[in-house]
Amino acid sequence: EPNSALDPISEATVYKQVFDAVKEDQTLILITHRLGAIRHVDRIIVMDHGRIIEDGSHDNLMEQKGKYFEMYNAQAKWYEV
757 EPNSALDPIS EATVYKQVFD AVKEDQTLIL ITHRLGAIRH VDRIIVMDHG
807 RIIEDGSHDN LMEQKGKYFE MYNAQAKWYE V
């Protein structure tokens, strides 16, 4: 990922600038492994081995308790003290 060398504050700034630049009638396709960065997007598509396995909002996918839920919680544990 192009932002892998950024510290968390710089990365958040970059994502905010990208999201702010997208207008209401535009579509942004963002490919990332950093799930915290996409928590507030309208639609998340989860792929595994080239196939779509889940599709929905963050809240919807968390309720399903599928692969997205598993991956999101695994990443969230990185930040636990």
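Using the numbering used here, read the sequence shown as starting at 757 and increasing by one per residue. Heads up, the beta-carbon is just placed ideally off N, CA and C, and yes, glycines get one too.
Once DSSP output is grouped into helix, strand and coil, what is the label at Asp763?
Taking the sequence shown and counting its residues from 1, one reaches residue 763 at position 7. Of the three classes helix, strand and coil, the one that applies to Asp763 here is coil, per DSSP.
Taking the alpha-carbon of Phe825 as reference, which of Phe775, Ile800, Arg807, His805 has the nearest alpha-carbon?
Your numbering for residue 825 matches position 69 in the sequence shown. The residue with the shortest Cα to Cα distance from Phe825 is Ile800.
Which residues bound the alpha helix (DSSP H) around Glu819?
The residue you call residue 819 lines up with position 63 of the sequence shown. Counted as a single uninterrupted DSSP element, the alpha helix (DSSP H) harbouring Glu819 occupies residues 814-820.
Indicate the three-state DSSP secondary structure (helix, strand or coil) for Asp798 in the structure shown.
Counting from one through the sequence shown, the residue named residue 798 turns up at place 42. For Asp798, the three-state secondary structure derived from DSSP is coil.
Euclidean distance between Cα positions of Thr788 and Ser760
Position 32 of the sequence shown, counting from 1, holds the residue named residue 788. Position 4 of the sequence shown, counting from 1, holds the residue named residue 760. Their Cα atoms are separated by approximately 10 Å.
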